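First up is the structure itself, then whatever we jot down about it.
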Amino acid sequence: RKKVMMTIREGVTWHDGSPFTAEDLAWSLDRAGKDETGNPIQSVWKNVTNFKTDGNKVTGDVVQFDPVYFKWMSFLTGYVLPKAYYEKVGPEGFEAKPIGTGPYMVDKFERNAFLRLKANPNYWGGKPAFQDVTIRFVTDTASRVAEIESGSSQVTLEVPYEEYDRLMAAGNLAGSCKNISDIGMVFFNDIEVMLDANVRKAAVMAIDKKLLVDRLLRGYGRPLDTLQTPEYLAFDPSIKVEHNPEKAKELLAASGYSTDKPAKFVIQTTKGFKPKDYEMIQAIVGMWRKVGIEATIEVYEVAKHFELRVADKLAPAAFYNWGNSIGDPSTSTGFAMFGPGPGSVWDSQDLVAAIAPLWTEADEAKRIAGYKAVDKMIAENAYVLPLVQYAQPILHSKKVNVVPHVSGALLPALMTPAA
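Position 407 of the sequence shown, counted from 1, bears residue number 458 in this note's numbering, the numbering being contiguous throughout.
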């Protein structure tokens, strides 16, 4: 476990026609691990250094063993940049005209408007089915529904579940609604009344998650009691948090709160980023009100959430959609609950002490068992409020075949004309 060895695929070219080389890979990984590049996952990439190339081989020295280093290569910031092109045009030039090695090339990009792609005729995996693809950024759910229903868009996603059912029943469109790796959750921040364990536990016990799924999500998705879905490596079905409003009232009463004298805090949420996100928080606030919690809803864009989370300035409660396409507990419980990390909101030393050894645990069975123990600790102390595993509604023209992806990504390369 002292060396990392990689072999790159030969015969691959960048979108400008230049060859993809081992030097590109070595330079990209080295760059990602440097403090000055500002990579948000720099803590992972810095674990391997001193990269060397030999033909199509790349080796690196392991500074600190990371059991999920290779998994990260298919996750956040796990991309390879074209060294020669990037150094020639610089960061701003690359952002203006990026190139990669994939099946589609960027033709035109208008921020907050659209991204137009064109097929890469030299893609090593074969030319994709569609020559041109335009992805429009439509943040309003009603507008997405109108576009797919009118035919101005051929594919859309994340529409309200009742609209998905209505349009599927009408028979003019095709679609799917399958469980993906995304988790709807409420972060608790270690400030104000959330420092009171009775308030946190009551806030969790008061929520009828099955009702949220059945009523708001129309039965799509599933309730969760941890930050793991059944598809994740560390999912433990034995960890349960009961729905018990009466017990919630007792806990609040022990801390001096009641429906007449409620515990008060702000809860932040997006509105339309995920189907029924705002409505879900409205329902949760209603459930809280019945047991003695008065929460004020504050709406923000998801970009604002990231800004506040990195600065550790979120409200006492904040809804978020956590994606984890590699299904590893380090990228769910680990990053979400490890206080010193940029993704965490709750900062307590018991979690830091429990998670810290797992970052470098070489025994896989011990690592997974460790994360299950952490999830149990989180559930017992109500450090976070897991809600649901999302199902992703996708609607598309019957003239197009669309393959859903468990990560929730909608990939043009997986789309083909219908026969």
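All C-beta atoms, glycine included, are put in the ideal place defined by N, C-alpha and C. Note that the structure is a prediction, hence the values are computed from the model and not measured.
Grouping DSSP H, G and I as helix and E and B as strand, with all else coil, what is K103? DSSP places K103 in strand when its eight states are reduced to three.
Per-residue DSSP class, three states only, for Q205: DSSP places Q205 in coil when its eight states are reduced to three.
Using 9 Å as the threshold, is the C-beta distance between G235 and F145 below it? The answer is no: Cβ separation not under 9 Å.
If you draw a straight line from the C-alpha of W397 to the C-alpha of A304, how long is it? If you take the alpha carbons of W397 and A304, they lie about 24 Å apart.
How would you label E297, buried or exposed, when you count the other beta carbons within 10 angstroms and need 16 or more for buried? Exposed, because fewer than 16 other Cβ atoms sit within 10 Å of the Cβ of E297.
Take D232 as the anchor and find which of S69, G323, V250 and G272 has the nearest alpha-carbon. The sequence shown places Ser at residue 232, rather than the Asp named in the question. It is G272.
Within this structure, are the beta carbons of H447 and V453 separated by less than 9 Å? Yes, they are a contact pair.
With a threshold of 16 other CB atoms inside 10 Å of the CB of R217, please say whether the residue is buried or exposed. Exposed is the call here.
Can you tell me whether Y174 is helix, strand or coil according to DSSP? The answer is coil: DSSP assigns Y174 none of H, G, I, E or B.
Option nearest K178 by Cα separation, candidates G153, K327 and S194: Closest option to K178, Cα to Cα, is G153.
Going by DSSP, what residue range makes up the beta strand (DSSP E) through I186? Looking at the DSSP string, the run of the beta strand (DSSP E) that includes I186 is D183 to R187.
Name the residue from L302, R418, V425 and D379 whose alpha carbon lies nearest to the alpha carbon of P405. Before going on, a small fix: residue 405 reads as Ala here, not Pro. Measuring from the Cα of A405, the nearest candidate turns out to be V425.
What runs of the beta strand (DSSP E), each 3 residues or longer, lie entirely inside the region 95–173? Here the runs fully enclosed are 99–105, 108–113, 155–161 and 165–170.
Candidates D183, S203 and Q182: closest to V189 by CA position: With distances taken between CA atoms, V189 lies nearest to S203 out of D183, S203 and Q182.
Quick one: what's got a C-beta closer than 8 Å to K341's C-beta in the same chain, skipping five residues either side? The residues are A257, P296 and T310.
Test item: CB-CB of K122 and D328 under 9 Å: Contact: no.
As assigned by DSSP and simplified to three states, the class of T58: T58 falls in the strand class under three-state DSSP.
Could you check the C-alpha separation between A293 and D259 for me, to the nearest Å? Looking at the sequence shown, residue 293 is not Ala but Glu. Near 9 Å, if we compare the C-alpha coordinates of D259 and E293.
In three-state DSSP terms, what is D67? In the structure shown, D67 adopts coil according to DSSP, grouped into three states.
Taking the beta strand (DSSP E) that E345 falls in, what are its first and last residues? Element bounds for E345: I344 to V350.
When P313, G151 and F126 are compared against T72, the one with the closest alpha-carbon: The shortest Cα separation from T72 among P313, G151 and F126 belongs to G151.
Opening and closing residue of the alpha helix (DSSP H) in which P296 lies: Its alpha helix (DSSP H) spans residues P296 to A305.
Do you know whose CA, among L365, E358 and F126, lies nearest I348's CA? Looking at the Cα atoms, L365 is the closest of the given residues.
Under DSSP, the beta strand (DSSP E) around V403 begins and ends at which residues? Unbroken run through V403 is the alpha helix (DSSP H), Q400 to I406; no beta strand (DSSP E).
Beta-carbon within less than 6 Å of E61's beta-carbon, same chain only, minus the 5 sequence neighbours each way: which residues are those? The residues are N107.
Can you grab the Cα-Cα spacing for the pair H356 / T321, in whole Å? A direct Cα-to-Cα measurement between H356 and T321 gives close to 8 Å.
Can you check DSSP and say which residues form a bridge with V453? Looking at the DSSP assignment, V453 forms a beta bridge with M466.
Helix, strand or coil for P380? Go by DSSP, reduced to three states. In the three-state reduction of the DSSP assignment, P380 falls in the helix class, which pools H, G and I.
Looking only at its own chain, which residues have a Cβ that is under 7 Å from the Cβ of A225, when we skip the five neighbours before and after it? The beta carbon of A225 sits closer than 7 Å to those of H447 and K449, all from its chain and outside the five residues before and after it, given in chain order.
Would you kindly work out how many angstroms separate the C-alpha atoms of A442 and N101, rounded to a whole number? Using only the alpha carbons, I get a separation of about 42 Å.
Unbroken alpha helix (DSSP H) run spanning Y215, endpoints: Y212 to A221 is the span of the alpha helix (DSSP H), which, as asked, contains Y215.
So, are the CB atoms of S36 and W373 less than 9 Å apart? Examination of residue 36 is not possible in this model, given that the chain is present from 52 through 470 alone.
Spatial neighbours of M56 in its chain, beta-carbon cut-off 6 Å, leaving aside the 5 residues before and after: Within the same chain, and ignoring the five residues on either side of M56 in sequence, the residues whose Cβ sits closer than 6 Å to its Cβ are T110.
Opening and closing residue of the alpha helix (DSSP H) in which K355 lies: The continuous alpha helix (DSSP H) containing K355 extends over residues V353 to V361.
Enumerate in chain order the residues of its own chain whose CB-to-CB distance from V244 is below 8 Å, with the five nearest sequence positions on each side excluded. The answer, listed in chain order, is V250, A314, K315, F316 and P367.
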